[in-house]
Each structure stands twice: as C-alpha cells, then as structure tokens.
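Numbering (this note's numbering), first residue to last: 141 to 433.
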C-alpha cells in the first residue's frame, strides 16, 4: 500500500474505533475489528469514498461478531458492563455533541445490549455519527424504509431511559468529586445526600475478582454496599481521581503501585446519582491502564 493509503486510514482510525466500540462494548474487540479493516483496506483497489467504504467494512465485521459476543455474555459471571475507555484524548473519535457523548457512555452501552445486532448498527450509525437513512441502508444492504423502522424500534427500546441522563457535564463532575471525597473520608451522610432514593449499583468482576453478582437497589442497600467496599483492605491505600471515561466524568481508583483497581461510572439525573456502575474485572481495565502508560 502507498503511504497515502496508510495516512487515509490513520485519519479514519479514531472514528472507526469509536464505531466498533459502540457496536461491541469492548475496546479490545473493537481494536481487532479495526485492524482487520486495515488489512482489507491494504488489499483493496482504490475506492472513491474511503470513509464510506471503511464504515461499511467495520460495521459488517461488528455484525459478524455480535452473535458470538451475546452468547459469551449469557455465560458471563455476574453483571456484564462495557470496557471503560479514557476519552479525554480523543481515543474514540469526536465527542462534540450530546448524542456522540451519550452514545458512548457506559449507561447507554448497557441499554444497547437490548437491541438486535442490526438495530444496534442502525442506532449507532444514526445517533452517534449522523448518517442519513439512505446511507445506513447502503451500508447494511437493506431498504431505506427498513432502516427507518429499525431506528424507530431501537429508539423505543433505548429512548425512554435516555431521558434520565444529565447533560450538564460540569455538574456531573462535581457529583463525582463529591462521591470521591465522601468515599475517601467515610462520610455516610454526604454519600446519602448524593444518592437518589431509587439508586441502583452494578459491579463487573467477571468472576475473577470480588464483586457483587447481582444489582444492589435502593439508597439504604447501596449505602451498605459502598460502606462494605470502603472497609476492604485495599481501600485503605487506594487513591481516587476524576477522569473522563466514555465521554463522561468518572471515578478512577488506583492501588498502592498505581495500577487501576476500578473505574466507577455514575449516572446522574435531577442532581442525584441514579446508577453506579463499577468495573473491577482486571481484563476489562487493561485497555484503560494501557492508555495511562
């Protein structure tokens, strides 16, 4: 391949990685898909519209993977959550609009698991990347009217819960800072003020590290759960910081050596935390850890 072809692909890489990640919920699998797309690109004849060609290749590679991915998640130990990605440096492409940030958030990626693979593809291409239905239909090899129907079904499944997301990022950041401060000092009263009555907490340990295997629901139960975490030996030496993960402020906890212990994503609505999603599975933290190196 000529150097110009490499440069064209590299210019598309962040956007393609963002597309594959939204489709799969796994940064490692998304990187594999993008690498396969590069191999196909390197063997392809010159194309008139590289962005459209690469979008079609990556989308269809993801569709091929989603069926087997779902089967693996059905056997997953405890709640399944997406791999967190640190997005402050543009790792997943542009996150300039509310729709782009929302579509890569941990909470929405969990909701996208409700969709069929082709519904997910239409939703991501339309909501995150703004493709018109004519283009989506061409990418997926379907009729434009079918694309519109799939998008409507996807919005029906995902749309209502999305109204709970708080678009004020600075307010969200203050909530995360308050959570970290209360967790660090063991201030139960401050934590209680931050949590909504119907707050729920999920933890993804993947069966490889200690984590709750069922959701914890309700303010009192979540407070007890967080209190138990704060009394674990590793918590005594852990440090916490606010980072941008998946387009939103999140809490990142490190152990005494600087390694990542957990990434905690908090869904905020009406000034309160309504969902706490904690990723502690070391395999799922590897991508974020590599980003920090």
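Even for Gly, the Cβ is constructed at its ideal location relative to N, Cα and C. Since the structure is predicted, the reported quantities are computational estimates derived from the model, not experimental observations.
{"query": "For residue 229, is the classification buried or exposed, using 16 other Cβ atoms within 10 angstroms of its Cβ as the cut-off for buried?", "result": "exposed"}
{"query": "Are residue 206 and residue 163 closer than 8 angstroms when you measure CB to CB?", "result": "yes"}
{"query": "Do residue 346 and residue 421 have their beta-carbon atoms positioned less than 8 angstroms apart in this structure?", "result": "yes"}
{"query": "Are the CB atoms of residue 418 and residue 394 within a distance shorter than 8 angstroms?", "result": "no"}
{"query": "Are the CB atoms of residue 165 and residue 222 within a distance shorter than 8 angstroms?", "result": "yes"}
{"query": "Specify whether the region 282 to 289 and the region 313 to 321 touch according to this definition: at least 3 beta carbon pairs, one from each stretch, less than 8 angstroms apart.", "result": "no"}
{"query": "Could you give the distance in angstroms between the alpha-carbon of residue 428 and the alpha-carbon of residue 293?", "result": "33 angstroms"}
{"query": "Starting from residue 409, follow its DSSP beta bridges and name the residues at the other end.", "result": "412"}
{"query": "Output needed for residue 344: all residues of its chain with C-beta closer than 6 angstroms, excluding positions within five of it in sequence on either side, in chain order.", "result": "219, 221, 419 and 421"}
{"query": "For residue 337, which residues in the same chain have their Cβ closer than 7 angstroms to its Cβ, ignoring the five residues on either side in sequence?", "result": "359"}
{"query": "Going by other Cβ atoms of all chains shown within 10 Å of its Cβ, with 16 needed for buried, is residue 414 buried or exposed?", "result": "buried"}
{"query": "Helix, strand or coil for residue 257 per DSSP?", "result": "helix"}
{"query": "Nearest to residue 411 by alpha carbon, out of 240, 204, 275 and 314?", "result": "314"}
{"query": "Going by other Cβ atoms of all chains shown within 10 Å of its Cβ, with 16 needed for buried, is residue 146 buried or exposed?", "result": "exposed"}
{"query": "CB-CB under 7 angstroms to residue 178, same chain, minus the five flanking residues each way: which ones, in chain order?", "result": "149"}
{"query": "Looking only at its own chain, which residues have a Cβ that is under 8 angstroms from the Cβ of residue 174, when we skip the five neighbours before and after it?", "result": "153, 156, 157, 160 and 198"}
{"query": "Between which residues of its own chain and residue 180 is the CB-CB distance below 7 angstroms, once the five residues before and five after are set aside?", "result": "197"}
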